[in-house]
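Chains as they are written, first to last, in UniProt numbering: chain A, 1 to 704; chain B, 1 to 704.
All residues carry an ideal CB built from backbone N, CA and C; glycine is no exception.
Only a predicted model underlies this, so the values are computations on that prediction, with no experimental measurement involved.
Single-structure report; data block below.
There are 2 protein chains.
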Amino acid sequence: MQCVKVLGGVLGAAALLGLGIILGHFAIPKGTDLPAPSASASQDLDLEILEAVMGQLDANRIRENLRELSKEPHLATSPRDEVLVQLLLRRWQDPESGLDSAGTSEYEVLLSFPSQKQPNRVDVVGPAGGILFSSQRSEENLTGEQGDPNVVPPYAAYAPPGTPQAVNAAKYGVAGVLVYTDPADINDGRSLPNETFPYSWGLPPSGVERGSYFEYFGDPLTPYLPANPSSFRLDSDNASGFPPIPTQPIGFKDAEVLLCNLQGASAPAAWQGALGCDYKLGPGFRSDGIFPAGSQVNVSVYNRLELRNSSNVLGIIRGAVEPDRYVLYGNHRDSWVHGAVDPSSGTAVLLELSRVLGTLLKKGTWRPRRSIVFASWGAEEFGLIGSTEFTEESFSKLQERAVAYINVDISVFANATLRAQGTPPVQSVIFSAAKQIRAPGPSSLSIYDNWIRYSNRSSPVYGLVPSLGTLGAGSDYAPFIHFLGISSMDIAYTYDRSKTSARIYPTYHTAFDTFDYVDKFVDPGFSSHQAVAQTVGSVLLRLSDSLFLPLNVSDYSETLRSLLQAAQQDLGGLLEQHNISLGPLVTAVEKFEEAATVLGQHVSALQKGTPNPLQVRMLNDQLMLLERTFLNSRAFPEERYYSHVLWAPRTGSVATFPGLSNACSKAMNTGPGSAAWAEVQRQLSILVVALEGAAATLRPVADL
Amino acid sequence: MQCVKVLGGVLGAAALLGLGIILGHFAIPKGTDLPAPSASASQDLDLEILEAVMGQLDANRIRENLRELSKEPHLATSPRDEVLVQLLLRRWQDPESGLDSAGTSEYEVLLSFPSQKQPNRVDVVGPAGGILFSSQRSEENLTGEQGDPNVVPPYAAYAPPGTPQAVNAAKYGVAGVLVYTDPADINDGRSLPNETFPYSWGLPPSGVERGSYFEYFGDPLTPYLPANPSSFRLDSDNASGFPPIPTQPIGFKDAEVLLCNLQGASAPAAWQGALGCDYKLGPGFRSDGIFPAGSQVNVSVYNRLELRNSSNVLGIIRGAVEPDRYVLYGNHRDSWVHGAVDPSSGTAVLLELSRVLGTLLKKGTWRPRRSIVFASWGAEEFGLIGSTEFTEESFSKLQERAVAYINVDISVFANATLRAQGTPPVQSVIFSAAKQIRAPGPSSLSIYDNWIRYSNRSSPVYGLVPSLGTLGAGSDYAPFIHFLGISSMDIAYTYDRSKTSARIYPTYHTAFDTFDYVDKFVDPGFSSHQAVAQTVGSVLLRLSDSLFLPLNVSDYSETLRSLLQAAQQDLGGLLEQHNISLGPLVTAVEKFEEAATVLGQHVSALQKGTPNPLQVRMLNDQLMLLERTFLNSRAFPEERYYSHVLWAPRTGSVATFPGLSNACSKAMNTGPGSAAWAEVQRQLSILVVALEGAAATLRPVADL
């Protein structure tokens with residue numbers, strides 16, 4: 001899991017601080033290819049096979065996978081990362097339980113590492129130049145794993161080197177940035193050693209969250225091109241998206257020493273935390289504190305950019321009937337440290353699911369209707385790099401043939417409830433799967449019935465349903481949905497939000513995210529891992545095996561109507577003042593709704609009749625390709641990879657179509673006839689054309 | 001037919017002339033959507049039906065179509081253009097011989113017209129201000145048609161208004177441009193009235209070639225968006241691609257008066273023509289000529305930009321088996337004047353072919369396997385506007401489903417031989433059709449055997465074959481191939497080049513392009529029209545009805561290899577000096593060749609076996625989508641719509657991949673490490689990725 005979208009907020013806050021200490025309250029978003037002649041063109045989902053798969057997914061095997069995967073730190077491109085590449089290959093090439101074929105693809109990508117010779121450091125320097133305080137260079141060795149020589153010291157990847165010292169230099173007068181996670185935000189306020197790991201799931205005082213501070217995703221030097229050795233590369237001086245000033249993360253124990261000794265006005269209430277003092281804004285230390293007057297904070301960052309070879313591992317089960325339709329299921333492999341939760345909890349599930357399906361395959365019991373592609377991505381933590389390079393390299397093939405992408409990164413944040421994000425067409429298949437499986441725990445509820453108790457919304461069509469979240473850019477689904485327009489989803493088990501306000505599991509990206517942490521505190525017994533494996537397995541089989549693709553495209557109608565209503569309510573008046581009509585957008589949404597309704601009737605008719613294989617294929621092509629119609633590569637020229645007109649990042653305050661919302665927000669304070677108002681009109685036209693194109697794809701195929 | 005790509009040359013030459021007269025030697029480049037349950041999934045091309053269609057295509061009906069179509073001038077959006085819209089609709093909705101459905105779509109587009117109140121004029125003004133000479137405002141009324149009040153006076157569409165008078169003002173000191181066509185270039189030197197129409201096919205001395213001087217194609221105000229009434233429009237002041245200075249075409253009779261009285265140095269030999277004098281460069285008139293010293297040329301241009309409604313007419317025959325696969329066949333409808341040759345010779349063929357197919361359809365004798373879409377485009381002469389707006393509006397649907405686009409604009413330039421342009425996958429189907437049909441004329445050769453005598457090349461694969469030309473941007477195929485990546489072709493009958501060096505038929509875009517002109521001089525008896533109808537009919541049926549799509553994608557191997565060899569021979573040394581290796585490109589071409597070979601074996605195996613319908617569909621999808629894989633919307637950011645990495649415009653001198661050729665040509669004189677050399681590397685990477693993507697699309701679909 002990767003925190004790209006956090007950065008705006010973090011740097012924004014940083015900009016307000018003259019001293020360059022940041023109150024880092026992260027808001028995490030965080031072979032042969034012919035069907036066997038005997039394969040029947042009407043092959044459909046086999047409920048017995050589905051039941052068998054559900055039954056064979058084994059919590060204990062997931063636990064053993066996790067133990068192996070998280071045994072050592074496996075930072076992207078490290079020797080242990082390569083060992084895991086071989087482990088995945090071995091599993092997927094196993095003659096008893098492997099896939100039809102598996103292989104690796106390697107990219108030469110720009111990563112960022114701290115210097116081994118010159119560790120990054122944060123010091124307080126007295127007026128005479130003496131060092132009065134130094135931050136911890138590594139996390140305390142509480143359970144043994146933190147002492148592993150392969151633990152990468154805490155750092156902010158892609159932050160430039162430099163040694164600023166309380167100087168006001170950069171854009172808003174910030175010379176360097178320190179980031180920490182406050183116990184108020186991560187530990188429900190607890191901060192004492194005996195209240196935290198290994199005594200509870202809390203973050204120990206020395207825990208430091210690593211992360212990538214690159215603004216975009218993909219290899220920074222090869223935007224839109226796969227990072228093959230021969231590919232054109234930008235000079236790293238010309239590459240964009242790196243933080244402008246040195247940045248370093250520290251633990252809250254060290255942050256306390258700095259923050260609680262600051263002078264100046266009190267920070268706003270929202271910035272206060274649980275370190276036991278009133279947080280001040282500085283600049284400078286208070287005279288009654290531990291540092292003499294004139295002391296300054298010195299931040300030394302020695303990060304280096306390095307070209308490294310990062311591997312993806314890919315495996316495929318060839319479809320029996322439609323091998324040219326791909327259901328993709330992936331997770332990243334690389335971690336910041338041991339990465340038991342992130343990402344190995346997902347990889348442990350991935351391996352168990354591929355084992356169960358591989359075994360059925362090798363026994364000859366089953367072969368899916370469509371091809372299933374399994375993926376283990378490299379270098380996700382640095383910016384979704386492996387998955388992005390894959391989409392760049394396989395752009396045409398995926399655009400032609402990919403049915404859906406399933407992502408399971410962290411599979412279990414906590415063991416209260418399912419959490420799913422996705423685009424509307426995948427809602428129904430996730431619901432179907434969730435209704436079929438029993439939730440872990442003492443209740444006898446289904447995953448669906450349990451889920452709806454924790455997170456729900458009122459749908460105008462269905463009534464009360466679980467809430468499906470939208471997809472940001474927090475994991476490897478981002479290039480699939482935003483760059484390629486492939487219907488995507490992300491699935492996990494997560495918190496009871498009434499019991500914790502932790503923004504994410506507390507040891508996220510620290511050296512405390514270990515096997516024992518998961519085994520003791522996150523999911524003892526691994527029943528939530530098993531529940532995720534079953535949910536994903538069911539979704540995967542439904543997508544790969546159903547005669548009719550279980551993508552309910554008409555669920556987009558509800559989304560479009562709600563985005564439209566927001567535009568009408570919150571922007572209608574403003575637009576009217578500028579003689580911009582929402583009429584064409586209303587018409588386009590209506591056309592979509594109508595086409596979706598007619599298509600729904602067509603689906604029902606086909607399902608009741610005895611459709612021939614081509615009729616089903618034609619319908620399925622409409623369902624598969626709908627998501628593609630929302631792409632416009634010219635819509636957002638400043639947003640790298642983002643081309644989905646419904647799910648591009650929204651910075652405007654109105655929760656409507658992102659292009660419209662953002663353009664209105666920029667135009668709002670400009671005069672009539674400004675370029676910003678022209679951009680509003682351009683965005684509206686782009687949207688109308690996309691929605692009309694989407695409706696056209698859903699309409700009867702011989703309509704003019 | 002439209003002369004977009006001419007302009008570079010013309011304006012280039014203009015730049016050399018201080019006086020602003022141009023030696024205009026144009027180098028012309030120039031319902032329900034379900035298959036009936038009874039439709040068999042194995043439905044294939046029926047040779048009896050094909051023979052029947054060939055036999056029913058009637059030269060005399062084509063002649064009568066042409067008479068009606070060219071009866072009056074039908075400039076885009078004129079009342080007569082709208083009458084023809086209704087004529088097409090009536091024909092395509094005819095209960096006995098019409099299509100399944102037909103309709104119009106209207107766009108609001110920016111056109112350019114001369115002022116009716118203030119005619120454009122070219123005068124010679126004496127030193128005292130008196131007018132000594134005026135160019136003809138209209139063509140002489142030689143056959144009656146030229147006197148029609150609806151003949152638009154000669155003008156250069158989109159040239160800005162202005163009244164320059166021998167002043168040096170614009171970039172190269174040119175204040176205005178006069179364009180004429182020299183008898184040396186259009187009439188094989190003949191220039192006397194009794195040597196030209198109506199006594200021969202030659203251009204009369206008063207004939208003036210109209211044309212669009214817009215640099216791009218599509219509606220100038222709505223690039224990349226369909227020009228619907230509500231669409232975002234650029235201010236016409238912000239629109240780009242219009243000529244910068246007033247421009248006016250004149251006849252060679254008027255040009256002679258100006259040119260033969262110029263003084264100054266002699267123009268280069270290549271600029272000399274057949275007006276019977278030595279062409280001088282000016283500036284100023286010679287003292288022993290007809291104009292007194294100090295006389296100047298005054299050009300008055302009063303063109304106006306106007307938003308007009310232009311219609312496309314579309315009709316469809318629904319496919320019986322795969323209605324979601326479209327074979328498109330179109331021509332434009334609008335002409336500059338009567339447009340008997342351009343475009344009505346093509347529309348006359350289009351109507352005859354739709355009648356024959358429509359009759360079979362309505363009788364219940366035949367329904368194609370795939371859908372056939374017929375199109376009559378509007379406002380082509382102003383810049384391929386109707387077709388471009390259609391591709392913008394239907395982008396997703398066409399990208400998903402279009403098998404091929406067939407264009408027949410001018411169907412008969414002359415009656416010597418077939419001429420075809422297209423991308424490599426369409427070569428084989430055109431050859432198959434051409435082998436089946438007898439060439440018009442006394443010989444008993446097939447069209448193919450006749451063609452090979454006029455235009456041939458030695459193919460490393462096939463030996464001597466007719467030459468298939470490449471597609472520029474001279475007609476409505478441009479947006480289909482360059483913007484959408486749909487395999488496209490343009491078909492016509494044309495000259496014996498040993499008998500004329502006319503760059504195009506002489507009355508092109510003049511008021512002399514009339515029915516009688518065609519009937520007497522271009523194709524008496526209309527047998528060449530019939531031959532084109534048969535060729536196109538056969539290509540169309542083969543594409544719409546064949547079980548296996550007759551797109552021979554492996555013919556791209558030959559093209560790629562030849563482009564690669566040119567790069568190696570003519571750029572290899574230069575690239576090596578700059579440490580740029582062609583190795584990855586060589587590998588990519590080899591991968592393509594290998595994938596194409598393996599696919600070819602797969603096709604043979606399937607054709608010999610008893611493939612199921614989905615196996616055939618999967619293969620056909622590979623064939624259909626190959627062309628799409630060559631698109632990269634980010635490859636040529638400055639070239640509007642061009643995104644096909646093989647067929648984008650080439651300005652570099654080396655006849656290789658356009659992006660590479662152009663980038664090398666710009667980099668050649670810059671130092672190592674320049675941005676221009678980085679662009680060479682970027683273009684190479686774009687090309688390699690596209691070719692590898694193309695190879696991936698051809699490889700077995702379950703290959704990783």
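query                                                                                                                                                              : result
Spatially closest choice to B/D182 from B/S501, B/L361, B/L687, by CA coordinates                                                                                  : B/S501
Test: B/F232 CB closer than 8 Å to a CB of chain A                                                                                                                 : yes
Short CB-CB distance (under 8 Å) between B/K591 and chain A                                                                                                        : no
Pick from A/Y642, A/E638, A/Y505 that is closest to A/N632, judged by C-alpha positions                                                                            : A/Y642
Heavy atom of the ligand ATP within 7 Å of B/E400 beta-carbon                                                                                                      : In the structure on display, the ligand ATP does not appear, and there are no ligands present to speak of.
Burial state of B/G652, where buried means 16 or more other Cβ atoms lie within 10 Å                                                                               : buried
Those residues which DSSP pairs with A/K280 across a bridge                                                                                                        : A/S266
Proximity to A/E322 [Cα-Cα], best of A/F285, A/L351, A/R370, A/R286                                                                                                : A/R370
Given 8 Å, three or more beta-carbon pairs between the region 121 to 136 of chain A and the region 253 to 261 of chain A                                           : yes
Contact set between A/Y224 and chain B, taken where Cβ atoms lie within less than 8 Å                                                                              : R634
Closest by C-alpha distance to B/P153, when choosing among B/G162, B/P164, B/E209                                                                                  : B/E209
Cβ distance (whole Å) where B/Y493 is taken to contact B/N415 below 8 Å                                                                                            : 6 Å
CB contact check: B/T359 to chain A, cutoff 8 Å                                                                                                                    : no
For B/I447 and B/L418, believed in contact at Cβ under 8 Å, the rounded distance                                                                                   : 5 Å
Buried or exposed (CB count within 10 angstroms, at least 16 for buried), A/V299                                                                                   : buried
Reduced DSSP secondary structure (H/G/I, E/B, other) of B/A696                                                                                                     : helix
Neighbourhood of A/G469 by C-beta distance below 6 Å, restricted to the same chain and skipping five residues each side                                            : Q421
CA nearest to the CA of B/E215, picked from B/G474, B/K608, B/V645                                                                                                 : B/G474
Check whether A/R682 and B/F657 have beta carbons under 8 Å apart                                                                                                  : no
The beta strand (DSSP E) enclosing B/S371, as first and last residue numbers                                                                                       : 370 to 377
Per-residue DSSP class, three states only, for B/I437                                                                                                              : coil
Contact with chain A by B/S396, beta-carbon distance below 8 Å                                                                                                     : yes
Proximity of B/A102 and B/V313 at Cβ, strictly below 8 Å                                                                                                           : yes
Helix, strand or coil at B/N579 according to DSSP, with G and I counted as helix                                                                                   : coil
Proximal residues, the region 316 to 327 of chain B versus chain A, C-beta separation under 8 Å                                                                    : I316, R318, G319, V321, E322, P323, D324
B/R90 to B/K280 span [Cα, whole Å]                                                                                                                                 : 55 Å
Integer Cβ distance of A/S458 from A/N552, believed to fall under 8 Å                                                                                              : That pair is no contact at about 18 Å.
Residue span of the alpha helix (DSSP H) that contains A/D81, given as start and end                                                                               : 79 to 92
Runs of alpha helix (DSSP H) lying entirely within the region 492 to 559 of chain A, each at least 4 residues, in chain order                                      : 527 to 545
Beta-carbon proximity check, B/R438 vs B/S444, cutoff 8 Å                                                                                                          : yes
Length at least 4, wholly inside the UniProt domain "Transferrin receptor-like dimerisation" (580 to 699) of chain B: the alpha helix (DSSP H) runs in chain order : 583 to 608, 613 to 626, 658 to 667, 675 to 698
Closer than 8 Å to chain A by CB, B/L625                                                                                                                           : yes
B/V341 versus B/T514 - alpha carbon distance                                                                                                                       : 7 Å
Pair within 8 Å by beta-carbon distance, A/Y329 and A/I372                                                                                                         : yes
is_contact[B/G103, chain A] using C-beta, thresh 8 Å                                                                                                               : yes
Residues of its chain near B/L50, where Cβ-Cβ distance is below 7 Å and the 5 sequence neighbours each way are ignored                                             : S538, L541
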